[in-house]
Amino acid sequence: MIALHSLVPLPAVLPIAVAALLLTLAGRLHRRLPDLVAIATAAAVMVIAALLARGSVAAPIAYWFGGWVPHGAQVLGVGFVVDPVGAAVAAFAALLFALTFVFAWGFFADTGTRFHVLALVFLGAIEGFSLTHDLFNLFVWFELMSVAAFALTAYALNISALEGALGFTVVNTLGSFFMLGGTGLIYARVGALDFAALARGVAPAGDDPVVLAAFCLIAMAMLIKGAIVPLHFWLADAHAVAPSPVSVIFSSIMVPLGLFGLARLLFAVFAASPAVQGVAHGMLVDLGALTAVVGGVMCILQRHVKRLLAFSTIAHMGVLVVGIASLSASGIAGSLAYLIGQGLVKGALFMVAGIMLALLGGVDEIRLRGAGRAIWPVGLACAIGGLLLGGAPLGVMDAGASLIDDAQAHHEILRTALAVGTGLTGAAVLRLAGRVFAGLGAHPGVERDGPTEEEREPAQRPLWLMFAPLLVMLGLALVPAHWAARWAAIAAGGFLLASGGTATIPHLPPTADVGAWTSLAIACGFAAFALLRHRAPHGLRAVLETASWPVSGLLLRIHSGIVGDYVAWVVAGLAVLAAGFALR
Amino acid sequence: MSPRLRVVLLAGSFAVLAVPAWRTMQALPRFGHHALPYGDAINAAAPKQRHVTNMVSAVNFDYRGVDTLGEETMLLAAVTGTAVLLRGQREGGERDRLGPPRPHGGRSEAIVLASRIAAPFTFLFGLYVALHAMVTPGGGFQGGLVMATALLWVFLGDGHLAWGRLVRTGWVDACEGMGVAAYAAAGLGTMLAGGAFLQNVLPRGALKSMLSGGLMQVLNAAVALAVVAGFLTLFVEFLKETAGLQGETE
Amino acid sequence: MNLLPWIIAAWLAAVGIFGIVTSRHVVHLIGCLSVVQSSTYVVLLSVGFRAGAAAPIFYDKPPGTIAVDPVVQALVLTDVVVGAAVTALLLAIALQICRRKNTLDPEALRPLRP
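Residue numbers (our numbering), protein chains in the order written: chain F, 70 to 653; chain B, 80 to 329; chain E, 10 to 123.
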């Protein structure tokens with residue numbers, strides 16, 4: 070146990086130390102060494118974090134930097150408190166980075182070690198964010214993560230990449246400033262930064278306006294990062310233009326991590342505020358449903374594959390926030406499984422986009438119709454990914470979806486909204502697979518109006534090197550749902566224990582519920598209609614297109630790409646959240 | 080959205096936010112008259128525990144030292160990112176397009192003289208600020224920034240070429256990496272010594288001595304190195320851009 | 010009078026955001042972002058202020074003198090680094106955009122929409 074305790078700082082510190090060394094030795098290293106070092110570091114971090122996850126099930130592991138173990142109530146230093154959910158997220162992030170480094174082998178060679186430096190710093194920040202137990206320390210890791218992400222988005226240096234990075238940076242930085250302001254406010258009220266000390270201070274001042282304002286401001290940063298409507302606009306632009314390996318990291322871990330941060334705050338800091346809990350149950354759940362539907366519809370309207378996947382991420386973040394805002398053991402267990410399952414599937418699909426960019430010379434679904442026939446195994450993987458996204462009742466993602474569904478069992482409209490949103494994302498990916506890899510769908514529908522661009526990435530690495538990590542991710546995503554659910558339930562028990570609650574292990578619902586079949590039916594139905602549109606009766610087509618145009622036209626116009634619009638929406642989102650407290 | 084519609088949305092949101100903002104302001108503890116338990120605990124403990132008189136440095140390099148690790152890494156990420164973002168025209172085939180560096184003849188002798196006098200003094204002042212982190216206001220961050228500014232005097236007075244001779248990009252990158260690596264290594268070293276990460280295991284020295292604070296001295300030096308190198312890289316990268324632009328127009 | 014620091018902070022955040030939303034030049038927009046950031050400086054430093062107290066430096070005053078909160082000052086130092094890091098990246102992005110598109114009007118910068 071002593072040995073395990075002393076491993077706690079390493080997941081955050083090791084990648085940073087290696088990144089600093091890589092920068093120091095840049096130019097004096099063999100061309101391939103940075104890739105190898107980065108893979109080895111991420112793998113080592115994964116092992117350490119996995120050990121910590123296993124070791125923290127019975128009791129959380131507290132670690133105090135500088136040896137500042139608190140005596141009495143006054144906390145002087147900064148601590149990490151390892152719980153199984155945080156450590157599992159940390160281990161999953163490291164696994165994802167290792168696979169992405171393999172996928173991107175040699176891709177970033179033209180900037181020497183600089184990509185590896187940024188990516189390892191990114192990893193270190195994610196690890197710190199998952200494990201920390203201090204509000205300001207959380208902010209430091211959050212911002213470190215953002216700074217690395219901003220630079221990686223613009224890596225391609227073409228005009229779209231730069232424009233996407235600009236919007237991403239401005240909107241997310243604004244969120245960071247909100248978080249700092251909120252940190253200042255809660256410090257004014259409580260005079261502490263440690264989560265447990267904050268929770269003790271919040272308890273007697275539960276519905277104090279200062280505490281609520283602090284929650285609003287801090288939650289804004291997490292909701293912006295987690296791309297919840299109407300704060301989601303930056304995501305589609307940034308993910309669409311970032312290099313494909315970077316998009317893998319963004320969609321699979323960076324965005325969900327924002328919502329993990331929200332869960333941390335809800336459970337570890339604001340658990341004693343009835344107002345915050347009430348708004349989470351009400352407004353956050355509603356916003357999640359809205360996000361799932363908007364993301365799903367926007368996803369169907371895209372032809373640029375990375376942008377399509379980006380909107381599917383938005384839809385899935387809606388589901389994830391519903392799981393978190395349920396504030397229950399099964400909600401947390403479901404969110405953990407959903408976060409990991411979604412990350413594995415979405416990462417694999419972004420790798421499909423990367424393979425298309427490298428081998429087919431583009432990511433425009435309509436232009437590339439039938440171009441992927443020669444690499445049909447990739448298409449098969451894409452279709453499996455589409456089925457999983459669309460709610461196929463198997464694998465880790467389904468375990469998460471069933472647990473979340475169970476947590477909201479009484480809320481029929483919400484469950485329908487989530488099923489529609491996920492179904493539409495599945496439909497879009499299945500349509501993409503059928504069109505690019507099987508040559509179906511000669512007559513595009515509404516998606517022909519989506520924004521697109523000619524783009525390619527260097528094809529310097531063989532197909533198998535890109536395909537292998539993709540297969541590993543899909544394989545892990547297909548781990549039987551009941552194992553994943555049981556394991557997530559145990560982790561959720563540890564998370565509640567570490568947040569100062571009692572360790573309740575949720576009961577496991579039967580998988581393959583009605584919701585899963587509904588969304589799978591939507592996915593297959595819409596995809597079949599999109600691909601076989603020319604065989605459909607003419608009248609049906611005309612009715613559907615006339616009916617869908619006002620909605621799709623409005624949504625496409627709202628997603629304007631202009632920074633000023635996005636910032637105005639952020640303020641509107643803050644106003645909605647604040648109004649949620651006022652009208653409670 | 081049209082710009083007008085956007086302002087309407089913003090104004091509406093501000094109007095909605097005004098009410099809770101006002102209520103929050105009134106509920107906040109009275110400005111200048113409320114308890115500061117965390118700060119008071121540090122003020123009471125640090126002089127005894129760490130033999131330093133600058134409480135801000137004690138927080139940065141000891142009590143909350145891991146925040147500063149993240150902060151320095153943020154600088155490293157920004158510097159690396161800026162280098163990645165600005166590489167486009169300069170690395171690879173487009174270097175020649177930049178044209179010759181700006182000719183030196185445009186400066187008056189007064190500027191050259193003033194810069195040459197100011198540079199070493201500014202550098203010395205930065206070093207002083209960095210070295211006295213434990214006793215008086217200042218520290219590696221502030222001092223490092225002043226030292227980096229001193230090298231800007233060289234650019235102002237003696238131009239591109241002298242600057243280029245003094246500041247080698249490869250070396251600066253290495254220093255940036257070394258600064259952060261030293262910070263992390265100090266933490267890992269204290270773990271090997273049997274303490275926690277960044278546990279202050281070195282002798283603390285005497286109160287009010289420039290060399291008090293133990294491990295905080297090492298961390299302060301690492302931060303100073305990282306900050307000098309970081310801001311130098313930022314200056315260099317952006318100044319190269321101005322040189323390029325002028326080369327194009329002349 | 011007691012509300013003045015908070016009003017200033019809210020005002021700075023509001024005018025900064027207004028500037029970002031209505032900006033017609035990216036460099037102006039970056040400046041406005043720094044204005045929003047300065048509101049966080051005001052909040053943090055005001056939170057740690059104590060009327061009539063000394064700076065948290067016990068060199069010419071004995072330890073134990075009533076002083077303001079050093080923790081928020083350390084946090085502001087980190088905040089400054091955040092500002093420097095983000096501003097540097099944004100200016101680099103703006104520079105490259107200007108090179109490629111010859112305009113810095115945010116209204117004209119719409120990714121993937123020619």
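Every residue, glycine too, gets a C-beta built ideally from N, C-alpha and C.
Proximal residues of chain B, C-beta to C-beta of residue i below 7 Å
i, result
"F:N206", "V145 and D146"
"E:W15", "M104 and L107"
Boundaries (first-last residue) of the beta strand (DSSP E) holding residue i
i, result
"F:I130", "I130 to W133"
"F:G454", "Segment W445 to L458 is the alpha helix (DSSP H) holding F:G454; no beta strand (DSSP E) there."
Assigned secondary structure, residue i (DSSP; H/G/I helix, E/B strand, else coil)
i, result
"E:I16", "helix"
"F:G654", "Any question about residue 654 of chain F goes unanswered here, given that chain F covers just 70 to 653."
"F:G270", "helix"
"F:G423", "helix"
"F:Q477", "coil"
"F:V151", "strand"
"F:A72", "helix"
"F:I293", "helix"
"B:D141", "helix"
"E:N111", "coil"
"F:D263", "strand"
"F:A461", "coil"
"F:I574", "coil"
"B:A285", "coil"
"F:D467", "helix"
"B:L89", "helix"
"F:D276", "coil"
"B:R176", "Low confidence applies to B:R176: its pLDDT is 41, below 50, so where it sits in the model is not reliable, and the reading given next is rough at best. Three-state result, B:R176: helix."
Candidates the options, of which the one nearest residue i by Cα
i, options, result
"B:D237", "B:D252, B:A193, B:Y207 and B:V259", "B:A193"
"B:G256", "B:F310, B:W101 and B:F140", "B:F310"
"E:A101", "F:L501, F:T222, F:A340 and F:L262", "F:T222"
"F:L501", "F:A597, F:R484 and F:L609", "F:A597"
"F:A151", "F:F172, F:A88, F:P78 and F:A167", "It should be pointed out that residue 151 of chain F corresponds to Val in this sequence rather than to Ala. Of the listed residues, the one whose Cα sits closest to F:V151 is F:P78."
"B:L88", "F:F170, F:Y635 and F:I482", "F:Y635"
"F:S381", "F:H301, F:G441 and F:A344", "F:H301"
"F:G275", "F:K294, F:L292, F:A290 and F:I255", "F:I255"
"B:Q105", "F:V147, F:A257 and F:T110", "F:A257"
"B:V208", "B:L148, B:G268 and B:V302", "B:V302"
"F:S588", "F:V154, F:A261, F:V489 and F:V414", "F:V489"
"F:C593", "F:S395, F:G503 and F:Q477", "F:G503"
"F:A511", "F:G439, F:A550 and F:E526", "F:G439"
Extent of the continuous alpha helix (DSSP H) run through residue i
i, result
"B:V246", "Note, B:V246: premise wrong, no alpha helix (DSSP H); not H, not E."
"B:V208", "E188 to L210"
"F:G392", "V374 to A394"
"F:S621", "H607 to I627"
"B:Q128", "P116 to R129"
"F:Q346", "P343 to V348"
"F:A103", "Note that residue 103 of chain F is Pro in the sequence shown, not Ala. L102 to G124 is the span of the alpha helix (DSSP H), which, as asked, contains F:P103."
Contact set between residue i and chain F, taken where Cβ atoms lie within less than 9 Å
i, result
"B:V246", "Ordered by position in chain F, no residue passes the 9 Å Cβ test against B:V246, which lies about 16 Å from the chain."
"B:G256", "A88, A89, L90, L91, L92, T93, L94, A95 and V186"
"E:L84", "F205, F208, L249, T252, G253, Y256 and L262"
Proximal chain F residues relative to residue i, where beta-carbon distance stays under 8 Å
i, result
"B:S54", "There is no way to answer for residue 54 of chain B, as the model of chain B reaches only from 80 to 329."
Listed by chain order, chain B residues near residue i by CB distance under 9 Å
i, result
"E:I66", "T132, N133, M134, V135, V214, T215 and P216"
"F:P103", "Near F:P103 there are no residues of chain B at all, since even the closest Cβ is about 13 Å away, more than 9 Å."
Under 8 Å by beta carbon: chain B residues contacting residue i
i, result
"F:Q143", "P116, Y117 and A120"
"F:D634", "M80 and R85"
beta-carbon residue i near the ligand PLP non-hydrogen atom, thresh 7 Å
i, result
"F:L532", "The ligand PLP is not among the ligands present in this structure, which contains no ligands whatsoever."
Proximal chain F residues relative to residue i, where beta-carbon distance stays under 7 Å
i, result
"B:A263", "V82, I85, A86 and A89"
Contacts of residue i in chain E (Cβ-Cβ under 7 Å)
i, result
"F:H373", "L121"
Residues that residue i contacts on chain E, provided the C-beta gap is smaller than 9 Å
i, result
"F:V345", "What F:V345 touches in chain E: nothing, since even the nearest Cβ is about 20 Å away."
Proximal residues of chain E, C-beta to C-beta of residue i below 8 Å
i, result
"F:I631", "P115, E116, L118 and R119"
Every unbroken alpha helix (DSSP H) inside the region 168-237 of chain F [4 residues or more]: 183-200 and 204-222
Against chain A: residues of the region 492-524 of chain F by CB proximity under 7 Å: Absent from the structure is chain A; the protein chains it does hold are F, B and E.
Complete alpha helix (DSSP H) runs within the region 476-561 of chain F (minimum length 4 residues, chain order): 481-507 and 532-546
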